Structure formats: C-alpha cells, structure tokens
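Chains as they are written, first to last, in our numbering: chain W, 64 to 219; chain V, 25 to 458.
Even glycine gets a Cβ: it sits at the ideal position worked out from N, Cα and C.
Everything numeric in this text was worked out from a predicted model, so none of it was measured.
Here the structure is laid out as structure tokens; the discussion comes afterwards.
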Amino acid sequence: MIRRVIGIGSPFGDDAVGWRVIELLRGRLAPGVELLALDRPGPGLVTALEGVEHAVIIDAIRSGESAGTLRRIAFEALERIPDSPSSHGFGVAHALRLAAALGSLPPRLDIHTIELGELAGDGLSPEVETAAQTLAEQLADEFRAMPTRRCPASAG
Amino acid sequence: MTERTVSIHVPAMTRVEGEGSLRLRIEAGRIEELALDIFEPPRYFEKFLEGRQYSEVLDIVARICGICPIAYQMTAVQALENAMGIEPAPWVRAMRRVFYCGEWLQSHALHIHLLALPDFLGFDSVVGMAAEHPEAVRRGLRLQGLGNDLIRLLGGRSVHPVGACVGGFYYAPTQAEVDAMLTALREALPQAESLIGWIASLPMPEDAQDFINVALRHPVDYPLAEGRIVTDTGLDIEVSAYEAHFVEEHRPQSTALFSLLDGQPYLVGPLARLNLNLDRLPKATRALLDATGIRFPSRNMFHSLLARTVEIHVAIIEAIRLLEAYVRPDTPHVAVQPRAGVGFGATEAPRGILWHRFEVDDAGIVRAARIVPPTSQNQARIEEDLHRSLLAFGLDQTDDALRLRAETVIRNYDPCISCATHFLDMTVRREPRM
Chain W
64 MIRRVIGIGS PFGDDAVGWR VIELLRGRLA PGVELLALDR PGPGLVTALE GVEHAVIIDA
124 IRSGESAGTL RRIAFEALER IPDSPSSHGF GVAHALRLAA ALGSLPPRLD IHTIELGELA
184 GDGLSPEVET AAQTLAEQLA DEFRAMPTRR CPASAG
Chain V
25 MTERTVSIHV PAMTRVEGEG SLRLRIEAGR IEELALDIFE PPRYFEKFLE GRQYSEVLDI
85 VARICGICPI AYQMTAVQAL ENAMGIEPAP WVRAMRRVFY CGEWLQSHAL HIHLLALPDF
145 LGFDSVVGMA AEHPEAVRRG LRLQGLGNDL IRLLGGRSVH PVGACVGGFY YAPTQAEVDA
205 MLTALREALP QAESLIGWIA SLPMPEDAQD FINVALRHPV DYPLAEGRIV TDTGLDIEVS
265 AYEAHFVEEH RPQSTALFSL LDGQPYLVGP LARLNLNLDR LPKATRALLD ATGIRFPSRN
325 MFHSLLARTV EIHVAIIEAI RLLEAYVRPD TPHVAVQPRA GVGFGATEAP RGILWHRFEV
385 DDAGIVRAAR IVPPTSQNQA RIEEDLHRSL LAFGLDQTDD ALRLRAETVI RNYDPCISCA
445 THFLDMTVRR EPRM
C-alpha cells in the first residue's frame, strides 16, 4: 500500500509552509510512508496521486481566517470552487477534481490547510511556523496510531 | 435565419492563458463588428529590466510566463550574449535545446489535453472529458510531467526554473541523472507516436485559409532555440533585422500590441513552424506525419493541434539524440566579461517566435529592452481567422454555436494573454435587416 504525504508550496513567504511540514516530518514517519514536496504542480498533482492508497495533502490557503489557522477539509468542499479560466490558475482543487474524474483519487485522502499570512520574503511568519510544527506533530501521531500493514506476499 | 440581430459578448474567455474578451455584432447577416479585447493590464517588464545587471535578467523574464519561462530565458540569454560578444560552447547550445524541448513537451501536452481537446470532443472542460477518455488524459498528463522532469534536469525546478545563466548553466547534471531521463524519454516515445495518430483521426472543421507563415529556420535542425526568420513569401532575414519588417501598433480595445509584417497579419506558432520546416523534421517524425495522410504545408488552422503533437514527438526525439551524446563538462558555463552593446535574440516559444532586443552598458547594466511575444504577433491573424471562420461556419447558426466556434478558433492559437499584455469575454449583437 502506497502512503504519501504531499506538501504543496512555492518559495514565496508563507506559501512555503507545505514544504516546511514535509521537512519537519522527515525521519519521523514509519519507513514506507513517502514524503513529497511539490512546487505548484498544477495538473502534475494527478500523477503524484496515481496508485496511492492513502494521501495526505498539505497546502497553504487564504480564506479570511487568521494566519496559522489549521483546517482539515473534505474533498467534497472543493467541488464548489469554480473551474479555472486559465491553465495558469490550474490549482489543487482542479487537479483533485480531474483525479476524481479519472478514477485516480486515493481511497483515503486527507487535506490539511494552513491559513497564510505574508507572501513576501524568504521565511515563514511566526504564526505559520508554529502551525507547521503543530500539524507535523499531529500527523506524526496519526501515522503512529495507524497499523503498518504489509501487502500479502501474493500481491503485485 | 440571417435576418436576426446577433450580439454575442464573451466577457471572460476560458481555457486560455490570461484575461480577454470577444465582441461580435452581426447585422442583416453581416459581421459589422468583431474585436478581440485584451484587457489585462500592460505589465511593464521591459521597463522593470532597465537598470538591472545582466545576471538578474533571466530570473526576471522567467516571471513573464508560468507556462513558457524557458522561452523567455533562452531568448534573453541569446540577446545578452549577442550584445556582450559571448559565444556559448557547443555543450551549452545542445543543453539549451534539451531544456527547451522540456518546455515544448509540457506546454503542448497541456494545451492539447487541458485546453483544446474538450472543444473537439464536445466537453466543457478536461474534467468532463476525463470521465470518457481517461487513458488519453492520463497519457497527456504523463507527457506533460515528462516535460517538467526535463526542465527540472537543467533548470533545478519546473516552475520559473533557475538553472540557466548568461554563458551557460549553473549546474551540469550527472551522468546518472541523464541516464534516468533517457530511460523515461525512450519509454514515452510510443505514447507520442500514438498521440499523433489519434489526433490525426479526429474530425476537424475544413477551412483552407490564406495566411503568411513566419517561423525560424535552422541550417540543419527543426527550429527551436536559434535560427533565421523566414516566411513563405520569400523573406529570409537575420534576427537583428526583425524591426525593419515587423511593426507593432496599439489598438484602442487592447492592451496588447498588434504586430504586422509589411502591413499584413501573419501566423507564428506550431503550424507555421511545421509548414516552413517539414524538411527539418527528424526522419521518424516525418514518417509518422506522412502516415496520417494529412498533407502539409496545411492551410487549415485547426491542423495546429496536429502540429503540436508532431512537435511533442520532435521534442522527445531531439532530447534523446542530444542526451545520448551527453558528456559532463568541467564547467557548465563560460566566464562573462561585460561589455557595452546591442544584442538580438529570437527563439521558437511553444506559441511562436519570441523576439528580444537588449542594450547593455560596459558594466553589463541593461539600458533598454524590447520584448515581442508570440501572442501579440498572432493577434491580428486571430481576428482575421475569426472573421473568415464564422462566415464559413454560417452566421445563421445559434448564438451558442457561434460562441463555441469563436472560442474554439481563438483557443486553437493557444493564446497567452498574460504574455501578450502589454484576452475572452464575447459580445454578439445581431441587428435585423431593415
């Protein structure tokens, strides 16, 4: 079973938080849980989800909450986001809808969002750094509580 | 019937890069008004570049476009090196071509599958299309991903890559990295072959049009990162002579500039490139194109879609050829000694010729920059095509059918409005015959 944690981001200010969570999780999850940091993957996210049975997606969001607010959102909530008019704006929600249409959405998909503050500068703002650490702890705990299943020898 | 007054306004075009609109007014069965309005604000990149060190330019111009940053980088680097008298090493020239192949692959695969194919297969978007053609969409995404991997090999990352510099590259990939890339490219070749056959089998509107093809031409290879500017009307000029023949003008409805060749609209992009460079195709690609039974040069603008699939195949073949000869150099770039000068650059961006002129001083500071993107060169041609295509389609078609045809015609150029501004909303007004 492929389990993959995907941090999505860019080098700009708090938008790098998805990458930061991946960095914080390195060495902390059971062997076999893959960590992947993606830079604005667009439709490339669909490829990153192919064959994955449990995916965790972490991305920064701007929803009007205060910086650092953590939320876990359902895939269904993303269906309300309208289609992008341009491939320049092909975002995570669109990629996940495309994956769903292709039948490649992982059976288990957890989406975590972190409200961003500043998009300027090189580092994370303190609130967002704290939120990244909180989420990394939470994910490490969740994975620890999950049984490490092995594929039966006959599989594949 | 044609007695009605039609007024179609598409306030924001979808499945194009950036923001624009279309206004169409039909009166008494005639097109009285047809205008492509580009209202993205002018982006002032030429002015941002003034006063910047030559070494900062590639990072700045990469930001003009998220889809074709390499086109901007490779054109700027050519112009800067031309201005400062730097001759790139053969390894650098080969790797620039490989880098550019990555961009063609990802940009063409994205346009074909996410933007254009829903029009030809009758879907609103790729999401609807994916449910009925999942394998085709997966193949498209794999090809796009391969393009991104190729960009990452030399650029460090696929979005606004950072690997290229004046004089060469900051980093030369290891042989192991190149070998892994070669394996992926060889595996993808059959996918590119089957894509050509599939796209060639789709029914396309038949409409032969008269237009001037403009593309680069290279002494040996299919044009990409270098060449002379040629047309099918006999023009054959150095890149530096561009401004003597091609003129940009402002029109009130658009923040993009309209380019004309000796006063005439003209076509740049995959169809123009293929029409002018059939004899430069790799043998294997030429055999696949001949097997489709579709004759080139083609005057059917909708063959642009097929031309893009042909160029995906070219990109993979070329990347394989160049990487099979890969030798890791001791140093991936030459030292740069700034000197004052004016330099020119032209390359084949996925959407057509991208032309740059840079003037630098003896400290290597940019004093003036001029950037002519492909979409502004195609803008006059798009309007001309719309006019002809809608007449050929029939003005008595329903408003919805007219709107879809107009959008299909525009999207077929893969216009990058974000690049061109300095794009669609469509208004159709039909007035009765008095």
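DSSP, read as helix, strand or coil, puts Q361(V) in coil. At a cut-off of 8 Å, the C-beta of R181(V) has a neighbouring C-beta in chain W. If you draw a straight line from the Cα of V351(V) to the Cα of V116(V), it comes to about 11 Å. When C-beta distances to chain W are compared with 7 Å, every residue of the segment 375 to 409 of chain V stays at or above that value. Proximity of the segment 132 to 148 of chain V to the segment 383 to 395 of chain V falls short of the contact definition, fewer than three beta-carbon pairs being nearer than 8 Å. Only those residues of the segment 93 to 126 of chain W whose C-beta falls short of 7 Å from the nearest C-beta of chain V are listed: D102, R103, P106, G107, V109, T110. Sequence-distant Cβ neighbours of H274(V) in its own chain, meaning closer than 7 Å and more than five residues away, are L281. In the DSSP assignment, F270(V) falls outside any alpha helix (DSSP H) and lies within the beta strand (DSSP E) extending over 270 to 274. Listed in chain order, the alpha helix (DSSP H) elements of length 4 or more contained wholly in the segment 69 to 150 of chain W are 80 to 88, 107 to 112, 138 to 141.
In the DSSP annotation of this structure, the continuous segment of the beta strand (DSSP E) that includes A239(V) starts and ends at 238 to 241. Around Q168(V), the beta-carbon contacts reaching into chain W at under 8 Å are P106, G107. Two segments are said to touch when three or more pairs of C-beta atoms, one from each, lie closer than 8 Å; by this definition the segment 118 to 136 of chain W touches the segment 174 to 188 of chain W. When CB distances to chain V are screened at a threshold of 7 Å, the residues of the segment 154 to 165 of chain W falling below it are R160, L161, A164, L165, in chain order.
Neighbourhood of L48(V) in chain W, by CB distance below 9 Å: empty, with the nearest CB roughly 19 Å away.
Leaving aside the five residues that flank L302(V) on each side, the residues in its chain whose CB is nearer than 6 Å to its CB run, in chain order, F320. Per DSSP, reduced to three states, the secondary structure at H184(V) is coil, with no helix or strand assignment.
The shortest CA-to-CA distance from E383(V) to any of S264(V), Q401(V), L284(V), R405(V) is the one to S264(V). The Cβ neighbour count for R304(V), taken over all protein chains shown within 10 Å, is at least 16; the residue is labelled buried.
Assigned with DSSP and collapsed to three states, D256(V) falls in coil, not helix or strand.
In its chain, beyond the 5 residues on either side, S150, F153, G154, A158 have a beta carbon closer than 8 Å to the beta carbon of G105(W).
Contact of P93(V) with chain W by beta-carbon distance below 8 Å is absent, the smallest such distance being about 12 Å.
Neighbourhood of R87(V) in chain W, by CB distance below 8 Å: empty, with the nearest CB roughly 11 Å away. Judged by DSSP in its simplified three-state form, A203(W) adopts helix. Residues of the same chain with a CB within less than 6 Å of the CB of R412(V), apart from the 5 flanking positions on each side, are Q233 in chain order. In this structure N324(V) does not touch E408(V) by the C-beta definition: roughly 15 Å separates them, more than the 8 Å allowed. Counting along the chain, S45(V) sits inside the beta strand (DSSP E) bounded by residues 44 to 51. Ranked by Cα distance from E51(V), the first of D83(V), L415(V), P362(V) is L415(V).
Shown here for G187(V): same chain residues with a beta carbon closer than 7 Å to its own, the five before and five after excluded, namely L178, G179, G180, F193, Y194, Y195 in chain order. In this structure, the CA atom of A359(V) is about 12 Å from the CA atom of G109(V).
At a cut-off of 8 Å between beta-carbon atoms, A155(V) makes contact with chain W.
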